[in-house]
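Have a look at the structure below before the remarks.
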Amino acid sequence: MAELRTQLGEDDDDDEPEYLQFKVILLGDGAVGKTSLATRFCEDHFAKQYKQTIGLDFFVKRVVLPGDIHVCLQIWDIGGQSIGGKMLSNYIYGSSAVVLCYDITNYQSFQHLEDWLFLVKRTFNKSPMPYTALMANKHDLAHIRSVKAEKHNQFAEENDLYSYFVSARSGDQVHISFYRIAADLAGVTLTKPELEVAQKPTRAELVNHPRNDPSHPEVGGRPSLEWPSKLQMLEEAIGGKPGLVKDLAFG
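Shown next, in the form of structure tokens:
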């Protein structure tokens, strides 16, 4: 993790807070909004045009929990087509949390969660399962939903999953959901007032740091890494040979 801290522009200053590092995997069919959720949480931004994730993308977000506990979430956005790929188990392995995402207006994306969850269980086999959550996206379109809340709750209860309803487009419940995941992973119990405060994240740094301004090394928590460094980090994290992630992403 020392290398990751260096990549993020941190030094070895004794005054630098120690971060708890957690790997969070986003799984689910294509177009359910996994990238939008990660971007909304890390950058407070929503892209109106859909862009398919090929292979995987990588986000980093730092949060500070009550008790001055600093957490760094490494969010792995896994492309929906990866369900049939050989690399999926490598992506999943070693994760602290798995978030199963679906689109409430797309019933098929909900049905396929059985397959995604099976792959997670197969990857961990006899090892303890990671923190696993069910995240229903596009809650702003509840008036045209095809997956009833009762179905969601039943699936979550039957599979012992944490449950979240969010909207990447409006931002509703996105920040607080990932904040709660960070707290659960860190073993921090949040009080109701703390949850209310966390539900209203400050956006000050987004005003001063345009998304595409190269003069800023970090925007909204996502590191601005050049592709060679980014690929190297991902390859080392999944234990792959040099060039493996690049081959997967670009063919």
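Note that this note's numbering numbers the sequence shown so that position 157 is 527, with each residue one more than the last.
In this text, a Cβ means the ideal position worked out from N, Cα and C, and glycines have one as well.
Quick caveat, the model's predicted, so the values are computed rather than measured.
Around Asp385, the same chain offers no residue with a beta carbon nearer than 8 angstroms, after the five sequence neighbours per side are excluded. Cβ-Cβ distances below 8 angstroms link Ser459 to Leu489, Arg492, Thr493 in the same chain, with the five nearest sequence neighbours on each side left out; the list follows chain order.
The C-alpha of Ala506 is placed about 13 angstroms away from the C-alpha of His482. Rounded to the nearest angstrom, the gap between the Cα atoms of Glu566 and Gly450 is 33 angstroms. Around the Cβ of Tyr420, a 10 Å sphere holds fewer than 16 other Cβ atoms; the residue is exposed. Around Val434, the same chain offers His440 as residues with beta carbons nearer than 7 angstroms, after the five sequence neighbours per side are excluded.
Annotation: the continuous alpha helix (DSSP H) that includes Asp485 extends over 483-494. As computed with DSSP, Met499 is found in no beta bridge at all. Exposed is the label assigned to His513, since fewer than 16 other Cβ atoms lie within 10 Å of its Cβ. Per the Cβ contact rule, the segment 393-405 is in contact with the segment 415-431 (3 or more Cβ pairs under 8 angstroms). In this structure Val517 does not touch Pro436 by the C-beta definition: roughly 34 angstroms separates them, more than the 8 angstroms allowed. For Phe392, the beta-bridge partners assigned by DSSP are Leu443. By the C-beta density criterion, Asp447 is buried, having at least 16 other C-beta atoms within 10 angstroms. Leaving aside the five residues that flank Arg410 on each side, the residues in its chain whose CB is nearer than 7 angstroms to its CB run, in chain order, Phe416, Ala538, Gly541, Val544. DSSP, read as helix, strand or coil, puts Ile474 in coil. Non-local beta-carbon contacts of Tyr549 in its own chain, meaning distances under 7 angstroms to residues more than five positions away in sequence, involve Val433, Ala568 in chain order. Judged by DSSP secondary structure, Val433 falls within the beta strand (DSSP E) whose first and last residues are 426-435.
Taking the CA atoms as reference points, Ser479 sits about 12 angstroms from His522. DSSP places Ala467 in the strand class (E or B) of the three-state scheme.
The Cβ atoms of Leu531 and Ala467 do not sit closer than 9 angstroms to each other. Here Leu407 carries a helix assignment [DSSP, helix/strand/coil]. In the structure shown, Asn529 falls within a coil segment according to DSSP collapsed to helix, strand and coil.
Distance from the Cα of Ser452 is smallest, within the candidate group Thr475, Ile424, Asp510, for Ile424. Inside the segment 503-556, DSSP marks whole alpha helix (DSSP H) runs of 4 or more residues at positions 519-528, 544-556, from first to last along the chain.
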